[in-house]
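**Student:** Next up is a structure, given as structure tokens.
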Amino acid sequence: MASSALQLEPPPAHVAPPSIRINDEPQVDTVDYMSLVSAWLSARPSCFALKRLYTSDKQEFEQEVKHLKRFGGRHSHIVTLLATFARQIGGEIEYLLLFPWANCDLLEFWRREASVARDHQLFKWVAKQLCGITDALQYIHDPKVLDANNKRLFGRHGDIKPENVLWFNSSSDGGNLVLSDLGLTRTHRIESRSNRPGARIPVSPNYRPPECDIAGDDGLVSRSFDIWTLGCLFLEFMVWILEGWEGYDAFKRNRMSPYIHGHDTPVYFEIVRVNGDEYAVDIKESVTREIARLRSHQKCSQYIHDMLGVIQTRMLIVQSENPPKKRIAAPELFRKLKEIEIACGGRDYCMNPSTSTTAIEPHLPVRAHLNEVALQHIADLDTSHLSNIIRYRGGQTRTAGSR
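Numbering follows this note's numbering, in which position 244 of the sequence shown is assigned residue number 1130; successive positions increment by one, without gaps.
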């Protein structure tokens, strides 16, 4: 996202939008203010974030605006679109979107606030924010709105990552984390909500779920796509709480390993060879080790244990049909996190070191057919780096299936 500061006073509702210059560049020709004048007038900020779309395709622009209008301004943890702009540059139209100015994204927040006091107030704030983000995702997944044919619509965000979570500071309560960048958000009617092949989904390399490399029905993308990416973000948040930016950075380095395209990536899963041309998908051992290490951390409280349990057993799951293993749905996840947030009212729950008595067995790898893109990567490279899972799991696997 390309952003720049824009000084702009909001117009009264009855006044036509003015002609605007941005950083002394050519004038904006068309301005479409959202029906959010009251928000402008109450906050009256002096800076806004201006996003330039890297496309001159009007259809792509209208697609993003449609989702921003549908979801934005309706939830305190979803970014609000204030206005849209179009301007002529040479022979092309440039499209721009105007948002409230955020202090930083979550990744920068982790870096900037690395040494913040790990006190009860911080734990309560984190629990509240993660619950709020999950509630926002629940709203995106099922906004309870109808399309033109009076059919229920279901959505997914499609690109949850720290860079797409914005921090709006507030001196009174620690600020608010907000989901942004709905450019990859999609909505579907119930009969078509899970029918997009994962190979066609653009996604952050760090957080890509296994569906992106699996063929057939097993590789279709549904709302559980967002649960995986949210699980990655939650786990990194737990690392940050205990060990700050250094812990986050070390965990990312530890996840680096060759992927099927030949480059080292910190993706959370790996594709392993079973026999010959048969493959399975597994959570990276470095991820499983990190969760175990956090559980044994001298400052790991019951709050951290409970969050790690939800992340490991309900979110970061390679889904399978035999035996049936599915990721948790957003409504149930929200209920669990709400219970955890309420428990965070007690200082001991958040702050006192605790030893977990719950033994969690790692999930078995999942045998799966890879899609054409993944198979082509493997064919193009020396894949000696692909492990043989029979060596370290006794040949036991699950079978991919329902999403």
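By construction, the Cβ of each residue, glycine as well, lies at the ideal position given by its N, Cα and C atoms. None of these values were measured; they are calculated from a predicted model.
Whose C-beta lies closer than 7 Å to the C-beta of leucine 993 among residues of the same chain, with five residues either side of it excluded?
**Tutor:** Pro1048, Glu1049
**Student:** Can you tell me whether lysine 937 is buried or exposed? The criterion is at least 16 other CB atoms within 10 Å of its CB, across all chains shown.
**Tutor:** It is buried - the Cβ of lysine 937 has at least 16 other Cβ atoms within 10 Å.
**Student:** Answer yes or no: do tyrosine 1189 and phenylalanine 1009 have a C-beta to C-beta separation smaller than 8 Å?
**Tutor:** It is a contact, given that the beta carbons lie within the stated cut-off.
**Student:** Pair every Cβ in the stretch 1182-1201 with every Cβ in the stretch 1092-1101, then say whether three or more of these pairs are closer than 8 Å.
**Tutor:** no
**Student:** When the Cα of leucine 1267 is compared with those of Gln1007, Trp987, Tyr1145, Ser962, which residue comes out closest?
**Tutor:** Tyr1145
**Student:** Once you ignore the five residues that flank glutamine 1198 on each side, which residues in its own chain have a CB closer than 7 Å to its CB?
**Tutor:** Ile1177, Ile1246
**Student:** Taking the alpha-carbon positions, what's the serine 1233 to leucine 1202 distance?
**Tutor:** Checking the displayed sequence, the identity of residue 1233 turns out to be arginine instead of serine. Cα to Cα, arginine 1233 sits roughly 28 Å from leucine 1202.
**Student:** Just to confirm, is the Cβ distance from leucine 1194 to aspartate 1112 under 8 Å?
**Tutor:** no
**Student:** Using a 10 Å radius around the Cβ and a threshold of 16 neighbouring Cβ atoms, would you call glutamine 974 buried or exposed?
**Tutor:** exposed
**Student:** Look at asparagine 989 and asparagine 1092 and say whether their C-beta atoms are less than 8 Å apart.
**Tutor:** no
**Student:** Out of curiosity, what's the CA-to-CA distance linking methionine 1237 and aspartate 1192?
**Tutor:** 13 Å
**Student:** Tell me which same chain residues have a C-beta within less than 8 Å of the C-beta of tyrosine 1134, skipping the five on either side of it?
**Tutor:** Taken in chain order, the residues that qualify are Trp996, Glu1122, Val1125, Trp1126.
**Student:** Consult DSSP for arginine 1284 and reduce its assignment to one of helix, strand or coil.
**Tutor:** strand
**Student:** Around the C-beta of threonine 1241, are 16 or more other C-beta atoms found within 10 angstroms, so that it is buried, or is it exposed?
**Tutor:** exposed
**Student:** So what does DSSP say about threonine 1020, is it helix, strand or coil?
**Tutor:** Shown here, threonine 1020 sits in a helix according to DSSP, grouped into three states.
**Student:** What do you get for alanine 857, buried or exposed, if any count of 16 or more other CB atoms within 10 angstroms of its CB means buried?
**Tutor:** Residue 857 falls outside the range modelled here, since the chain spans only 887 to 1289, and no answer is possible.
**Student:** Leaving out the 5 sequence neighbours to the left and right, which residues in its chain are closer than 8 Å to isoleucine 979 when beta-carbon positions are compared?
**Tutor:** Hits under 8 Å: Ser942, Lys944, Ala972, Arg973.
**Student:** Return yes when the Cβ of proline 1209 is within less than 8 Å of the Cβ of arginine 1094, no when it is not.
**Tutor:** When the beta-carbon positions are compared, arginine 1094 and proline 1209 stay at least 8 Å from each other.
**Student:** Determine whether the Cβ of cysteine 1186 lies closer than 8 Å to any Cβ atom of chain C.
**Tutor:** In the displayed structure, chain C is absent; only one protein chain is listed.
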